[in-house]
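Heads up, the thing below is written out as structure tokens.
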Amino acid sequence: MNKIGSDETLRELAEKGNPDALYWYATSLESKNVLKHAESYHYYKKAAEKGNPYAMLRISGEVGRSKYDCEIIGWPCDSEWADKAIDKLIELKNQGDVKAYYYYNKYSGTIFSLLNPFSDHMSEEDMIAYAAEREYYTPLIQFLFRYNKKTNKVSDEIVLVLDKAVEKGFSPALYYRGMIFYRGLNYEKRLSLLTAAAHNGYIRSYSAISYLAMEKNDYLTAYTYLYLEYLVSGHKPSYINNTPQGLYQFQSLSEDEIKKGIESAEELYKNVEPEIYFDEGNFFYSSGMAIYH
Numbered sequence: 001m002n003k004i005g006s007d008e009t010l011r012e013l014a015e016k017g018n019p020d021a022l023y024w025y026a027t028s029l030e031s032k033n034v035l036k037h038a039e040s041y042h043y044y045k046k047a048a049e050k051g052n053p054y055a056m057l058r059i060s061g062e063v064g065r066s067k068y069d070c071e072i073i074g075w076p077c078d079s080e081w082a083d084k085a086i087d088k089l090i091e092l093k094n095q096g097d098v099k100a101y102y103y104y105n106k107y108s109g110t111i112f113s114l115l116n117p118f119s120d121h122m123s124e125e126d127m128i129a130y131a132a133e134r135e136y137y138t139p140l141i142q143f144l145f146r147y148n149k150k151t152n153k154v155s156d157e158i159v160l161v162l163d164k165a166v167e168k169g170f171s172p173a174l175y176y177r178g179m180i181f182y183r184g185l186n187y188e189k190r191l192s193l194l195t196a197a198a199h200n201g202y203i204r205s206y207s208a209i210s211y212l213a214m215e216k217n218d219y220l221t222a223y224t225y226l227y228l229e230y231l232v233s234g235h236k237p238s239y240i241n242n243t244p245q246g247l248y249q250f251q252s253l254s255e256d257e258i259k260k261g262i263e264s265a266e267e268l269y270k271n272v273e274p275e276i277y278f279d280e281g282n283f284f285y286s287s288g289m290a291i292y293h
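Take 1 as the starting number for the sequence shown in the working numbering and just add one per residue.
Next comes the structure, spelled out in structure tokens:
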């Protein structure tokens, strides 16, 4: 998805009828070119017809950006696909597919099913714990994303689940524990978690490290990780340049220090091992962006 020529590889697999390739080729078309939306629907529908429940949800008009899809783009949204998606998710969850269980739980729950003692629906926190035990962390990360400005409302039980994800080296968990939900952690521990996420190429960790470093008036480290963010992402912020006038915090740095920061970033970059996390439901719900990148 992130390499030149990958679209062609996906298209070849899609044309052979691979339902996963059909889905991801559709997302690739949709996310990269607004003029390709009609074509992306064609591949989503083919994926749905091949049994991909996430493609069914995508074209149902019931989830995601339904008004945008159906009214603005003009997709022929069909709510019957939502029912078919739920049926397929039930089939997959009964085979042990935890991701399918999560989306089934998310989209098929009603107040009646939640009150039914024989229901297989879970509360959000129970689903988070259940999925994390099986090393599927989307429910956890979506929850933390919603509560990142209400950290006091996140229970100790959820933080414990987060810590277990941290132990597994899951990059978004390293970031959230080090930067947002850092109760009980000192500066050094927070920095070590964010540095581990940085090693994995987790984009948000670089500005987080810079923020912590600037709180300690360590502007050289702050500059180094902002420059490393540029090297990893390919997007050069306006305040990253070879002079100390880019951002007022860095005016205290000499030209030699700026050069040292760039060299340090380039050395760190050699050891970065980028990871990308894809999740079908998150991809379409976040307007075509893989939120774990």
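Quick reminder that beta carbons are idealized off the backbone N, C-alpha and C, glycines included. This structure is a prediction, so every number in the text was calculated from the model and none was measured.
CA-to-CA distance, residue j to residue i, given in whole angstroms
{"i": "K45", "j": "H235", "result": "34 Å"}
{"i": "H42", "j": "E62", "result": "18 Å"}
{"i": "K153", "j": "Q142", "result": "15 Å"}
{"i": "F181", "j": "S207", "result": "16 Å"}
{"i": "Y107", "j": "P274", "result": "32 Å"}
{"i": "D83", "j": "A14", "result": "24 Å"}
{"i": "E12", "j": "S233", "result": "28 Å"}
{"i": "A265", "j": "S252", "result": "19 Å"}
{"i": "A340", "j": "G51", "result": "As displayed, the chain neither begins before 1 nor continues past 293, which places residue 340 out of reach and without an answer."}
{"i": "D156", "j": "L144", "result": "13 Å"}
{"i": "A122", "j": "R134", "result": "For clarity, residue 122 is Met in the given sequence; the question names Ala instead. Each residue's Cα considered, the two are about 15 Å apart."}
{"i": "G96", "j": "I90", "result": "10 Å"}
{"i": "R58", "j": "S40", "result": "11 Å"}
{"i": "L174", "j": "T138", "result": "14 Å"}
{"i": "A222", "j": "S205", "result": "12 Å"}
{"i": "A129", "j": "L220", "result": "40 Å"}
{"i": "K99", "j": "E257", "result": "48 Å"}
{"i": "Y136", "j": "E255", "result": "46 Å"}
{"i": "D218", "j": "L228", "result": "16 Å"}
{"i": "M56", "j": "K168", "result": "32 Å"}
{"i": "S66", "j": "S171", "result": "31 Å"}
{"i": "K189", "j": "T151", "result": "18 Å"}
{"i": "F231", "j": "E263", "result": "According to the sequence as given, residue 231 is Leu; it is not Phe. Spanning the two alpha carbons is a distance of roughly 12 Å."}
{"i": "E125", "j": "S31", "result": "31 Å"}
{"i": "E267", "j": "K16", "result": "43 Å"}
{"i": "E71", "j": "E8", "result": "30 Å"}
{"i": "L92", "j": "E49", "result": "16 Å"}
{"i": "E80", "j": "L212", "result": "50 Å"}
{"i": "K36", "j": "K259", "result": "43 Å"}
{"i": "N18", "j": "I276", "result": "22 Å"}
{"i": "I203", "j": "Y269", "result": "12 Å"}
{"i": "A132", "j": "D163", "result": "11 Å"}
{"i": "Y54", "j": "F250", "result": "46 Å"}
{"i": "M127", "j": "Y147", "result": "16 Å"}
{"i": "D20", "j": "D120", "result": "27 Å"}
Per-residue burial, residue i [other beta carbons within 10 Å of its own, 16 or more giving buried]
{"i": "A38", "result": "exposed"}
{"i": "L10", "result": "buried"}
{"i": "G201", "result": "buried"}
{"i": "D69", "result": "buried"}
{"i": "K149", "result": "exposed"}
{"i": "E215", "result": "exposed"}
{"i": "K88", "result": "buried"}
{"i": "F278", "result": "exposed"}
{"i": "R177", "result": "buried"}
{"i": "E280", "result": "buried"}
{"i": "G261", "result": "buried"}
{"i": "N242", "result": "Confidence is the limiting factor: at N242 the pLDDT is only 48, short of 50, which leaves the residue's position unreliable, though a coordinate-based value still follows. Exposed, since its Cβ has fewer than 16 Cβ neighbours within 10 Å."}
{"i": "Q245", "result": "Here Q245 scores only 43 on pLDDT, less than 50, and its place in the model is too uncertain to base an answer on."}
CB-CB length for residue i against residue j, believed under 8 Å
{"i": "Y225", "j": "S210", "result": "5 Å"}
{"i": "V161", "j": "R183", "result": "Going by Cβ atoms, the distance from V161 to R183 rounds to 14 Å, so no, they are not a contact pair."}
{"i": "A47", "j": "L29", "result": "Actually they are not in contact, since the Cβ atoms of A47 and L29 sit about 12 Å apart, beyond 8 Å."}
{"i": "N94", "j": "H199", "result": "Actually they do not touch by this definition, with Cβ atoms about 38 Å apart."}
{"i": "L191", "j": "M179", "result": "Wrong, their Cβ atoms sit about 10 Å apart, outside the cutoff."}
{"i": "A165", "j": "L185", "result": "Not quite, the Cβ-Cβ distance comes to about 15 Å (not below 8 Å), so this is no contact."}
{"i": "S60", "j": "A85", "result": "7 Å"}
Taking contact to mean at least 3 C-beta pairs separated by less than 8 Å, is the region 65-76 in contact with the region 93-110?
Contact annotation: the region 65-76 does not touch the region 93-110, with fewer than three C-beta pairs closer than 8 Å.
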